[in-house]
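2 protein chains.
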Amino acid sequence: MSVCRKGAPRMSLQDGLKANSRDNSKGNHKEKTAAGERRLADFLCFAIYSANLAYGRAYKPGLDELGLTYPQWIAIVALWERDGQTVSELGAKMFLESNTLTPILKKLEAMGYLRRQRDPADERQVRVSLTDAGRRLREKGMHMNLVKSSGLKPDEFARLQESVVALRDNLIKAMAEE
Amino acid sequence: MSVCRKGAPRMSLQDGLKANSRDNSKGNHKEKTAAGERRLADFLCFAIYSANLAYGRAYKPGLDELGLTYPQWIAIVALWERDGQTVSELGAKMFLESNTLTPILKKLEAMGYLRRQRDPADERQVRVSLTDAGRRLREKGMHMNLVKSSGLKPDEFARLQESVVALRDNLIKAMAEE
DNA sequence: CTGATATAGATCGTATGCGATATATTCGCG
DNA sequence: CGCGAATATATCGCATACGATCTATATCAG
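These protein sequence lines are chains Y and S, in that order. In this text, residue positions in the first sequence follow the working numbering: the first is 531, and each later residue adds one. In this text, residue positions in the second sequence follow the working numbering: the first is 531, and each later residue adds one.
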C-alpha cells in the first residue's frame, strides 16, 4: 500500500538505554523491572516526546497572549528570517510539508500576519512574507524568555541544543540512507 | 476556567541562545541576522519540536509493521510495566490526560491488545491491562533498535537522555510554581 | 442520611502532523 | 510545438493533543 516498504524494519522501536541501569536513587517510586528490560522513562524518544509536550504547555500562556498556537509562532519566527520564502523553503526550515503548512499559513494570512502570493516567474510556487502586523507580533513575542524555566545554565543549554539538533539530523540522515 | 492564569506571562517565547553566536562554519547556507536576533534554528524548543517529528518519522516503518501509531506504542510500553494501572496513572507516566488517552486506549482495546475495566472498589476508575496479544506485540517491537540511527555513542546517548528528562521536568516544575 | 463538592473518565471542538491524492504549472524530449 | 513526467501546492481523511464541559461515582459536612 503505502511507501517505505523495502527492507525497512531494521529500524528500531527501542532507542532506550542498554538496560535498566537507572536506579531509583531519587526517591521516585519506580516500578521494578526484570533485568535487561526497558522502561518507558529510559527511552530517548520518549524523553523528546514528553519534553515537546512540556514545551508546548510552557509556551501556552505567552502564546495565548499573542493569540497564536505553537506551530503558528514557529512559522512567524521562520518567516521573519527572510521575506518571500516559498512554502517548500519554509517547510524545509520547519521540517513540515505543504499538507501541514498550508492550513497554518492560510490561518495566519486570515489573521493578517502574512501574505501569500504566487510567484509570477513560476506560478507553482507560493511566496510568503510577513506583514507589518506579523513583524510587530514577532517583536512582541521576543521580549519574553523561557531559558530560566529550563533550569539549565547557559553553557548546558547551548550544549543540549546542539546535541538535540545533532540527534535530529542523524535520525533524518539514517532514514534517507535506508 | 482552567488553571495557569495568574501572573503567567513572564513566561517566555524565547528560549534560544543568547545571540547569533552560532557561526556558519559548517557550510550550510544560513541566512544572516542582525546582531542579537534569534534564528529559529537556535531555539531549544524548536530543536526538541523537530527532533520529535524526526523520531516519529524514524519509527514509522517499524510501527507500520506492528500496525501501531507512535502514541499507541508508547502506551503499550507504559502498560507493560504494570498491570491494572488506572487511566490517571498511565497519564502521569505518559504526560497525557484522559481526553487524549481514552481514545487511544479504546482503539487498542478494539485491536485486542488491552482490557479496560472499571475498578469494583471505585467505579470512577478504569483499570487497564495488556492482553497476551498486547504483551506479544511489545516483545515484537522490542527486538528492533534505533540507537545507531541516533549517531550517538552510548555514553553520549545516556547523557542526552538525562539532560532532556531534566529539561522536561524543570519546565513542568516552573509551570507548577507559576 | 442528604445535599454539596470533589474526583475519574469520557466527550466534543479546534488545531496540528501526515499519508494519499488532486490540481496546476513547468520541464524534458522528440 | 506537443505531450508525458516532474514539481509545487492544496485537499482530504485519520490520529493525536488539549481546553472546555459532561457524567458518574465517591466523599464530606452537618
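Positions of the beta carbon are idealized from the N, C-alpha and C atoms, including for glycine. Treat the numbers as computed from the prediction; the structure is a model and nothing was measured.
key: Sufficient close CB pairs (3 or more, under 8 Å) joining the region 668-683 of chain Y to the region 596-614 of chain Y   = Yes: the two stretches touch, three or more of their Cβ pairs being nearer than 8 Å.
query = For the beta strand (DSSP E) that contains Asp652/Y, what are its first and last residues?
reply = DSSP places Asp652/Y in the uninterrupted beta strand (DSSP E) bounded by Asp652 to Leu660.
request  = Could you check which residue in Glu707/S, Val617/S, Glu653/S and Gly681/S has the C-alpha nearest to that of Ala588/S?
outcome  = Gly681/S
request  = Determine which residues of the region 660-683 of chain Y have a Cβ less than 9 Å from any Cβ of chain S, and write them out in chain order.
outcome  = Lys670, Gly671, Met672, His673, Met674, Asn675, Leu676, Val677, Lys678, Ser679, Ser680, Gly681 and Leu682
request  = Measuring only between beta-carbons, confirm whether Met705/Y sits less than 9 Å from chain S.
outcome  = yes
request  = At 7 Å on the CB atoms, spell out the chain Y contacts of Leu569/S, in chain order.
outcome  = Checking the sequence shown, residue 569/S turns out to be Arg, not Leu. Chain Y residues near Arg569/S: Glu611.
query = Would a check of beta-carbon distances place Tyr600/S closer than 9 Å to chain Y?
reply = yes
inquiry  = Counting only Cβ-Cβ distances shorter than 9 Å, please list the residues of the region 686-704 of chain Y near chain S, keeping chain order.
reply    = Glu686, Phe687, Ala688, Arg689, Leu690, Gln691, Glu692, Ser693, Val694, Val695, Ala696, Leu697, Arg698, Asp699, Asn700, Leu701, Ile702, Lys703 and Ala704
query = Does any residue of chain Y bring its CB to less than 9 Å from the CB of Tyr579/S?
reply = yes
inquiry  = Looking at Ile578/Y: is its Cβ nearer than 9 Å to the Cβ of Asn582/S?
reply    = yes
inquiry  = Can you look up Thr599/S in the DSSP assignment and give me helix, strand or coil?
reply    = coil
request  = Quick one: residues in its chain with C-beta nearer than 7 Å to the C-beta of Leu593/S, no 5 flanking neighbours on either side, listed in chain order?
outcome  = Thr599, Tyr600 and Trp603
query = Is the distance from the Cβ of Val677/S to the Cβ of Pro684/S below 9 Å?
reply = Contact: yes.
ask   = Does DSSP put Asn550/S in a helix, in a strand, or in coil?
value = Only weak support exists for where Asn550/S lies, its pLDDT of 42 falling under 50; the value from the coordinates is given anyway. Reduced to three states, the DSSP call for Asn550/S is coil.
Alpha helix (DSSP H) segment containing Arg698/S, residue limits = Counting along the chain, the alpha helix (DSSP H) containing Arg698/S begins and ends at Pro684 to Glu707.
query = With a CB to CB cut of under 8 Å and the five nearest residues on each side skipped, what residues in its chain are close to Thr661/S?
reply = Gly642, Tyr643, Leu644 and Arg645
message = Comparing C-alpha positions only, which one of Asn700/S, Gly597/S and Gln655/S sits nearest to Ala663/S?
response = Gly597/S
inquiry  = Just list the residues that DSSP pairs Arg646/S with in beta bridges.
reply    = Val658/S
task = Return the residues of the region 622-649 of chain Y that lie within a Cβ-Cβ distance of less than 9 Å from chain S, sorted by chain order.
result = Flagged, chain order: Lys623, Met624, Phe625 and Leu626.
Cβ neighbour criterion (16 or more within 10 Å) applied to Ala571/S = buried
inquiry  = Is the separation between the beta-carbon of Gln691/S and that of Leu574/Y shorter than 9 Å?
reply    = yes
inquiry  = So, for Gly614/Y: in the same chain, excluding its five sequence neighbours on each side, which residues have a beta-carbon less than 8 Å away from its beta-carbon?
reply    = Arg657, Val658 and Ser659
inquiry  = Along the chain, where does the alpha helix (DSSP H) containing Ile614/S start, and where does it finish?
reply    = Per the sequence presented here, residue 614/S reads as Gly, with Ile not at that position. Per DSSP, Gly614/S belongs to no alpha helix (DSSP H) and is neither H nor E.
key: For Ser532/Y, three-class secondary structure by DSSP   = Note that Ser532/Y scores a pLDDT of 35, beneath 50, so its modelled location is shaky and nothing firm can be said.
ask   = Could you give the C-beta distance for Ser679/S and Asn700/Y, rounded to a whole number, given that I count them as a contact under 8 Å?
value = At roughly 7 Å, the Cβ-Cβ gap stays under 8 Å, so Ser679/S and Asn700/Y are in contact.
key: Secondary structure of Glu627/S, DSSP reduced to three states   = coil
query = Counting contacts by CB-CB distance shorter than 9 Å, is Val617/S in contact with chain Y?
reply = no
query = Closest Cβ-Cβ distance between Asp652/Y and chain S: below 9 Å?
reply = no
ask   = Can you tell which of Thr632/Y, Lys590/Y, Glu611/Y and Lys703/Y has the C-alpha that lies nearest to the C-alpha of Arg568/S?
value = Glu611/Y
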